[in-house]
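Asks:
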Amino acid sequence: MVFIGYREGHRVTEAPRLEVRSITRAFGGRPVVNDVSFTVEPGQVTCLLGPSGCGKSTTLRIIAGVDRPDTGVILMDGKPIAGPDVMVPPESRGTGLMFQDFALFPHLSVADNVAFGLKGTRTEKRLRVRDLLGRVGLARYLDSFPHELSGGEQQRVALARALAPNPRIMLMDEPFSGLDNRLRDGIRDETLELLKEEGTAVVLVTHEPEEAMRMGDEILLMRQGRIVQAGAPYNIYNAPMDREAAAFFSDIN
Ligand code: ADP
Ligand code: MG
């Protein structure tokens with residue numbers, strides 16, 4: 001909670017952008033997400049970091065609303081969006097989604113890909129699309145088709161598309177892992193810059209410590225469905241909780 005002052009003698013706080021409160025999810029009796037809790041503030045980038053199979057994507061899918069928790073509650077700006085009696089549909093949650101193989105529509109132009117799903121008049125949509133494509137440096141490709149663009153350019157279009165409806169929070173599942181190494185750093189930085197400009201909160205899922213260190217304001221270290229350590233990147237890097245965590249971080253220079 002962000003403390004914002006006193007009103008009539010009571011402490012007043014602003015709800016976090018996202019609050020995940022003790023969610024669990026089991027498949028076939030096996031807990032895959034186990035009592036996971038965390039908050040994300042507006043403009044904050046929170047990384048869910050952990051080895052393959054530890055439950056990162058399942059957690060993100062539950063936040064996105066394409067899966068539901070067995071127990072626990074999720075609140076967006078203080079309002080429940082998932083819980084025992086609530087299930088707000090994915091399209092009404094104010095979440096943007098990006099993942100590695102989130103392909104663009106091949107038969108639509110770049111502009112139409114970004115405009116897809118946007119509400120408003122034609123003029124409003126066109127202005128928003130131009131603004132976003134300008135900001136990812138692709139204004140000249142408005143009328144191009146995805147296959148005419150490089151992988152990195154396509155990823156930037158996907159980012160513009162995900163940001164177009166102004167999501168309250170962007171959910172990103174290993175969105176950079178399909179890119180080659182030369183491109184990846186540049187696109188990570190551009191993505192962060194654009195998200196910060198828009199003030200969008202982010203949950204970024206990654207299995208690469210180096211990516212979490214580079215992009216995160218906070219890292220949540222996951223292991224076997226649980227968050228085992230949480231903190232600022234350099235705190236976790238400098239004081240990993242045990243040998244296993246230390247080994248995980250050891251290949252970063
Ligand atoms: P991560 O993203 O960290 O690699 P996941 O959340 O994708 O992990 O998966 C965690 C575990 O849950 C894995 O063992 C996976 O096989 C299992 N799992 C995920 N989704 C399902 C499902 N729909 N049915 C059964 N098992 C699943
Ligand atoms: Mg995953």
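Take the sequence shown: its position 232, counting from 1, is numbered 232 in UniProt numbering, and each next residue is one higher.
The beta carbon of each residue, even a glycine, is placed where N, CA and C say it ideally should be.
Bear in mind the structure is a predicted one, so any value in this text is a computation, not a measurement.
Shorter than 7 Å, the distance from the beta carbon of Ser-57 to the closest heavy atom of the ligand MG, or not?
Replies: To locate residue 57, count along the sequence shown from 1; it is residue 57. Yes - the ligand MG has a heavy atom lying nearer than 7 Å to the Cβ of Ser-57.
Asks: Starting from Glu-24, follow its DSSP beta bridges and name the residues at the other end.
Replies: Reading the sequence shown from its first residue, position 24 is the one you call residue 24. Going by the sequence as given, residue 24 is Thr instead of Glu. BP columns for Thr-24 point to Thr-71.
Asks: Pairs of beta-carbons, one from the region 71–80 and one from the region 228–246, closer than 8 Å: are there three or more?
Replies: As far as the Cβ criterion goes, the region 71–80 does not touch the region 228–246, which means the pair count is below three.
Asks: Measuring alpha carbon to alpha carbon, tell me which residue in Arg-214, Arg-226 and Glu-208 is nearest Ala-247.
Replies: As a first step, residue 247 is located in the sequence shown; it is residue number 247 there, counting from the start. Here the closest residue by C-alpha is Glu-208.
Asks: How many angstroms separate the CA atom of Val-89 from the CA atom of Leu-75?
Replies: In the sequence shown, residue 89 corresponds to position 89, counting from 1. In the sequence shown, residue 75 corresponds to position 75, counting from 1. The sequence given here places Pro at residue 89; Val does not occur at that position. Distance between the alpha carbons of Pro-89 and Leu-75: 13 Å.
Asks: Exposed or buried, what is Ile-187 when buried is set at 16 or more other beta-carbons lying within 10 Å of its beta-carbon?
Replies: By 1-based counting over the sequence shown, the position of residue 187 is 187. Counting Cβ neighbours within 10 Å, Ile-187 comes out buried, since at least 16 surround it.
Asks: Count the other CB atoms, across all protein chains shown, that sit within 10 Å of the CB of Pro-106; report buried if there are 16 or more and exposed otherwise.
Replies: On the sequence shown, position 106 is the one that residue 106 refers to. With fewer than 16 Cβ atoms within 10 Å of its Cβ, Pro-106 is classed as exposed.
Asks: Measure the C-alpha to C-alpha separation of Gly-120 and Leu-127 and round it to an integer number of angstroms.
Replies: Sequence index remark: in the sequence shown, residue 120 carries index 120 (1-based). Sequence index remark: in the sequence shown, residue 127 carries index 127 (1-based). Looking at the two C-alpha atoms, the distance is approximately 11 Å.
Asks: Beta carbon of Arg-17, beta carbon of Ile-227: below 8 Å?
Replies: Position 17 of the sequence shown holds residue 17. Position 227 of the sequence shown holds residue 227. Cβ distance not < 8 Å, so Arg-17 and Ile-227 don't count as in contact.
Asks: Between Val-205 and the ligand MG, is there a pair consisting of the residue's CB and a ligand heavy atom that are separated by less than 7 Å?
Replies: Translated into positions along the sequence shown, residue 205 becomes position 205. Flag set: Cβ of Val-205 near the ligand MG.
Asks: Note down, in chain order, each residue of its chain lying with its Cβ closer than 8 Å to the Cβ of Val-136, except the 5 sequence neighbours on either side.
Replies: To locate residue 136, count along the sequence shown from 1; it is residue 136. Here the set comprises Arg-156, Val-157, Leu-159, Ala-160, Glu-190 and Leu-194.
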